[in-house]
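Colleague: Shown below is the structure under consideration.
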Amino acid sequence: MNIEKQIEFDKIKELWMELAVTERAKDKIKEVSFYLSEGEVRKQLRDTTNSRKLIEKLGNPPLQNVAEVKDILIMAQKGDCLTPYQLERVEMVLVAIRRLKDYLGRGKFYDNPLAYYEENLETGEELREEICRQIRGDGVDDYASKELGQIRSQMIKCEEQMKQRAEQMMRSNKAYMADNYCTYRNGRLCVPVKKEYKLKIAGSVIDKSATGSTLFIEPTSISRHYEELQQLKIREENEVYRILYTLTAMVAASAAVLNESILMIEKLDFILSKGKLSIDLDAVEPSINTERRLVLKDARHPLMEKTVNVPLQFEIGEKVRGIIITGPNTGGKTVAIKTVMLNCMMAQCGLHVTCKEADICMNNSYLCDIGDGQNIAENLSTFSAHIKNVLEVLGEVNKDSFVIMDELGSGTDPTEGMGIAIAILEELRKSGAIFLVTTHYPEVKEYADKAKDIINARMNFDKETLRPTYQVVIGEAGESCAFYIADRLGMPNEMLKTAIKAAYGEGAVENYQFQEKDIIIGKRNTHKISKMKKQKKSTELITNYRRGDSVMVYPDKKIGIVCEPMNEKGVLRVQLPDKKIWINHKRVKLHVAAAELYPEDYDFSIIFETVKNRKIRHDMGRKYTEEVIRYDEE
Numbered sequence: 015m016n017i018e019k020q021i022e023f024d025k026i027k028e029l030w031m032e033l034a035v036t037e038r039a040k041d042k043i044k045e046v047s048f049y050l051s052e053g054e055v056r057k058q059l060r061d062t063t064n065s066r067k068l069i070e071k072l073g074n075p076p077l078q079n080v081a082e083v084k085d086i087l088i089m090a091q092k093g094d095c096l097t098p099y100q101l102e103r104v105e106m107v108l109v110a111i112r113r114l115k116d117y118l119g120r121g122k123f124y125d126n127p128l129a130y131y132e133e134n135l136e137t138g139e140e141l142r143e144e145i146c147r148q149i150r151g152d153g154v155d156d157y158a159s160k161e162l163g164q165i166r167s168q169m170i171k172c173e174e175q176m177k178q179r180a181e182q183m184m185r186s187n188k189a190y191m192a193d194n195y196c197t198y199r200n201g202r203l204c205v206p207v208k209k210e211y212k213l214k215i216a217g218s219v220i221d222k223s224a225t226g227s228t229l230f231i232e233p234t235s236i237s238r239h240y241e242e243l244q245q246l247k248i249r250e251e252n253e254v255y256r257i258l259y260t261l262t263a264m265v266a267a268s269a270a271v272l273n274e275s276i277l278m279i280e281k282l283d284f285i286l287s288k289g290k291l292s293i294d295l296d297a298v299e300p301s302i303n304t305e306r307r308l309v310l311k312d313a314r315h316p317l318m319e320k321t322v323n324v325p326l327q328f329e330i331g332e333k334v335r336g337i338i339i340t341g342p343n344t345g346g347k348t349v350a351i352k353t354v355m356l357n358c359m360m361a362q363c364g365l366h367v368t369c370k371e372a373d374i375c376m377n378n379s380y381l382c383d384i385g386d387g388q389n390i391a392e393n394l395s396t397f398s399a400h401i402k403n404v405l406e407v408l409g410e411v412n413k414d415s416f417v418i419m420d421e422l423g424s425g426t427d428p429t430e431g432m433g434i435a436i437a438i439l440e441e442l443r444k445s446g447a448i449f450l451v452t453t454h455y456p457e458v459k460e461y462a463d464k465a466k467d468i469i470n471a472r473m474n475f476d477k478e479t480l481r482p483t484y485q486v487v488i489g490e491a492g493e494s495c496a497f498y499i500a501d502r503l504g505m506p507n508e509m510l511k512t513a514i515k516a517a518y519g520e521g522a523v524e525n526y527q528f529q530e531k532d533i534i535i536g537k538r539n540t541h542k543i544s545k546m547k548k549q550k551k552s553t554e555l556i557t558n559y560r561r562g563d564s565v566m567v568y569p570d571k572k573i574g575i576v577c578e579p580m581n582e583k584g585v586l587r588v589q590l591p592d593k594k595i596w597i598n599h600k601r602v603k604l605h606v607a608a609a610e611l612y613p614e615d616y617d618f619s620i621i622f623e624t625v626k627n628r629k630i631r632h633d634m635g636r637k638y639t640e641e642v643i644r645y646d647e648e
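Plus 14 on top of the position in the sequence shown (first one is 1) and you've got the working numbering.
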């Protein structure tokens, strides 16, 4: 069973994960579960409290996702040359570490224990300054080294000289030029020369226009500068790689310290995210006990709006181990038991709870059966799924467990369901576990009144608005209010009388006070079913096809003549112009009867038999012959 999903703790985790920054913290939140060590729970709760106080004093912490930098550090340690982009990511993390260190340093003024994590953060100032000085704009800065600055100055000077010579040549040979500006083609500076004058300009043809009328020529006077420029570019590349490798080596040397600082960032991110969640939910730190005592004051469901939710008062554990909650279907029973378990699980996971005050006991397991549980894939009905789930709970429950069950014994015959509900409650009582159960059965209420360690409770319900107040009144059994709710929502009095009589007898009908005027259920216009028109059956059975009848064969609508009447299967044989076919009588229609086409004694063998078969038949009538009539030749 997925307890977290059933009580909606998975949704709390989603809210929590959104407040974390680093991937490691998000993953830890996703996997977090309730702690079984009292000392660990208390430590986690202290961390949550301290993180909330720190955030309230200093604002949100300057955290940053560090997943990418962890991969970069691995590359540096392997000896790969880091790119300027990767070095800038390292610098950003170093800046984040310095800012976080300053943030925690300010927290020391408030004597916050979390502030002393600042001592575990190494800022790596020397590395940060070197990267900041030498890397800029995803590239190596001109002033990263004296050598690089000189090389790039020479490159600029060389490019200017090339451009000047090209422009001078164009002015001197203006008549030969196809345009009045020079351009780069394939990385070479060229002048546009008309095709017919290509021999007038000394140089190499680098490219030509789409029409072929213009040639792009690199003048010979420029090529010398081009070679010089290529040499400078090689020197620049070598110097850039030298600088990058030097910075990479510095990163690799600082990798161990950086990884420690990154781990500390991720740890602080997890802790501080709990403080952020506490602030967002307006939660408080609960007290923790191991005496099986559970007290919630002004508790509310953390996912419900505070304006909608009326605070819940709840207490169990001193002399009572189980509470049976009853009340109307819309009374908020399910929300109430979820609220209790959800707050308990949050506390045992080190989170603050949405209460004004809370004293929560340690539990070794959280068990529940909520929802209809119907499982189509496993062919389980609602009741079957409930029982399967309940048996799993009973197989795991013990004195340190916390159990909630919704609508116990529902989904089957009321009498048998009531018996099963009491049997389950008795097993839970024997286990010594703390349990909350909702039900409608009156017999279960009576059982709770008599059983040791179990008590009834009811949900308050606003009869005016028909809305739950989410308030539990312990010590009193609740009413279902089914007739009252149905009356208020407009059920006709006649229907209510029938229901009351079936439930409580004739006398109860006379004593019931109806809340609303008697009404009649108005029938709304609904869609009508369109039926197919039934075809009229022919009064005459289609069994009277005779030999010689002219018929229409469908769907081809070919005219044929019946050569063999219909058999017991409704199939007849029809002579078409080029062949004989067997066909169902439903696919033919009488065209012209044989009586209208032929005389009564007409010899149909003239039409249907071959000349050879007719001659054999004639011989058979006169004498003995060994010839055989073959119908497959017809």
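Just so it is clear, CB atoms sit at the ideal spot from N, CA and C, and this is done for glycine as well.
1) Identify, in the order they occur along the chain, each residue of the same chain with its Cβ nearer than 7 Å to the Cβ of GLU253, setting aside the five sequence neighbours on each side.
2) Looking at the secondary structure, which residues open and close the alpha helix (DSSP H) in which ILE401 lies?
3) Of the choices VAL298, GLY346, LEU282, GLN362, whose alpha-carbon is the least far from that of VAL451?
4) Exposed or buried, what is PRO591 when buried is set at 16 or more other beta-carbons lying within 10 Å of its beta-carbon?
5) Along the alpha helix (DSSP H) that carries GLN91, what are the first and last residues, could you check?
6) By how many angstroms is the C-alpha of GLN245 removed from the C-alpha of SER186?
7) Would the beta-carbon of ARG443 fall within 7 Å of that of THR340?
8) Measure the CB-CB distance between VAL11 and VAL83 and report whether it falls below 7 Å.
9) Under 7 Å Cβ to Cβ from GLU132, same chain only, skipping five residues before and after it: list those, please.
10) Using the Cα positions of ALA266 and GLU102, report the straight-line distance between them to the nearest angstrom.
11) Going by DSSP in three states, SER65 sits in which element: helix, strand or coil?
12) Near ARG560, what residues of its chain come up, given a Cβ to Cβ distance below 6 Å and the 5 sequence neighbours on each side ignored?
13) Confirm, please, whether the CB-CB distance from ASN378 to ASP414 is below 7 Å.
14) Are TYR176 and MET184 closer than 7 Å when you measure CB to CB?
15) By alpha-carbon positions, which one of ASN79, ILE88, ASN64 ends up nearest to LEU72?
16) How is the beta strand (DSSP E) around HIS605 delimited, first residue to last?
17) Quick one: which unbroken beta strand (DSSP E) runs of 3-plus residues sit fully inside the region 181-212? Chain order, please.
18) Please determine if the region 75-92 and the region 226-242 are in contact, where contact requires at least 3 C-beta pairs separated by less than 8 Å.
19) Could you tell me the distance, in whole angstroms, from the CA atom of LYS57 to the CA atom of GLN362?
20) Just verifying my parser: in three-state terms, what is the DSSP assignment at ASP373?
21) Does DSSP put LYS594 in a helix, a strand or coil?
22) Does the region 558-576 come close enough to the region 590-605 to have 3 or more Cβ pairs within less than 8 Å?
23) Please list, in chain order, all residues of the same chain as MET264 whose beta carbon is under 6 Å from its beta carbon, the five residues on each side excluded.
24) In angstroms with no decimal places, state the Cα-to-Cα distance between LEU662 and GLY151.
25) Please work out which residues of its chain come closer than 6 Å, Cβ to Cβ, to THR97, disregarding the five sequence neighbours upstream and downstream, and give them in chain order.
26) Starting from the C-beta of TRP596, find all residues in its chain whose C-beta is less than 7 Å away, skip the five residues before and the five after it, and write them out in chain order.
27) Using the DSSP secondary-structure output, state which residues sit across from GLN589 in a beta bridge.
28) Output the distance between the C-alpha atoms of GLU421 and PRO76, rounded to the nearest integer angstrom.
29) Would you tell me roughly how many angstroms separate the C-alpha atoms of PHE123 and LYS281, rounded to the nearest one?
30) Taking the C-alpha atoms as reference points, what is the distance between GLU232 and ASP94?
31) Between the alpha carbons of LEU365 and PRO316, how many angstroms are there, rounded?
32) By alpha-carbon positions, which one of VAL271, GLU371, PRO325, LYS42 ends up nearest to VAL349?
33) Verify whether the separation of the beta carbon atoms of LEU87 and LEU272 is less than 7 Å.
34) Can you name, in chain order, every residue of its own chain whose Cβ lies under 6 Å from the Cβ of ASP24, other than the five neighbours on each side?
35) Name the DSSP beta bridge partners of ASN303, please?
Modeller: Well, looking at it:
1) SER159, GLU161, LEU162, ILE165
2) 396-410
3) GLY346
4) exposed
5) 81-92
6) 29 Å
7) no
8) Since the first residue of the chain shown is 15 and the last is 648, residue 11 is not available in this structure.
9) LYS115, LEU118, GLY119
10) 15 Å
11) helix
12) ALA608
13) yes
14) Residue 176 is actually Met in this sequence, not Tyr. Not in contact: MET176 and MET184 (Cβ atoms no closer than 7 Å).
15) ASN64
16) 602-606
17) 197-199, 202-208
18) no
19) 11 Å
20) strand
21) strand
22) yes
23) LEU141
24) With the chain represented from 15 up to 648, any question about residue 662 goes unanswered, as that position is not in the structure.
25) none
26) VAL585, ARG587
27) ILE575, LYS594
28) 48 Å
29) 22 Å
30) 39 Å
31) 12 Å
32) PRO325
33) yes
34) GLU18
35) CYS375
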